[in-house]
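Trainee:
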Amino acid sequence: MRVHEIQIYQDLPAQYVQEIALKAGAFRSDIKIKFEEQDIQLDAKSILGMLLLPFRTGTKLRIQTKGTDEEEAIAMMCDLLEMKTVQE
Numbered sequence: 001m002r003v004h005e006i007q008i009y010q011d012l013p014a015q016y017v018q019e020i021a022l023k024a025g026a027f028r029s030d031i032k033i034k035f036e037e038q039d040i041q042l043d044a045k046s047i048l049g050m051l052l053l054p055f056r057t058g059t060k061l062r063i064q065t066k067g068t069d070e071e072e073a074i075a076m077m078c079d080l081l082e083m084k085t086v087q088e
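Next up, the structure:
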C-alpha cells in the first residue's frame with residue numbers, strides 16, 4: 001500500500017476531475033482519496049463520487065493506492081492533482 005498527502009494548488013474544474021477518474025480506472029489497484037478536513041473518503045475511479053466533492057484551492061488530500069500497480073497509480077494521481085495550472 002502507498003500513501004501520499006497533497007494539497008490542491010487551484011480549484012479543479014469538473015471536467016478535469018472527471019478525466020482524473022477515467023485515468024484512475026485504467027489501473028488495477030484500488031485508489032482512494034480522503035478529504036482530510038471533512039474526513040470523507042472516496043473511490044478515485046468513481047466519476048460520480050469524484051464529482052460530489054469540490055477540489056478547491058488549499059484542500060488537503062490523502063491518496064492511497066493498493067494493488068499490483070500501486071506505485072504507478074499513486075504517481076499518476078499525485079501528478080494530476082498537484083498540477084499548479086489546469087487547462088480548462
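If you count by UniProt numbering, then the sequence shown holds residues 1 to 88, one letter each, in order.
Cβ atoms here follow ideal geometry from the backbone N, Cα and C, with glycine treated the same way.
Computed from a predicted structure; not experimentally measured.
Comparing alpha-carbon positions, which option in Thr-68, Ala-14 and His-4 lies nearest Ile-47?
Mentor: Residue nearest to Ile-47 within the set Thr-68, Ala-14 and His-4 is Ala-14 (criterion: CA-CA distance).
Trainee: Could you check the C-alpha separation between Lys-32 and Leu-61 for me, to the nearest Å?
Mentor: 10 Å
Trainee: Select from Ala-24, Leu-80 and Leu-12 the residue whose C-alpha is nearest the C-alpha of Asp-43.
Mentor: Ala-24
Trainee: What's the gap between the Cα of Glu-36 and the Cα of Leu-81?
Mentor: 15 Å
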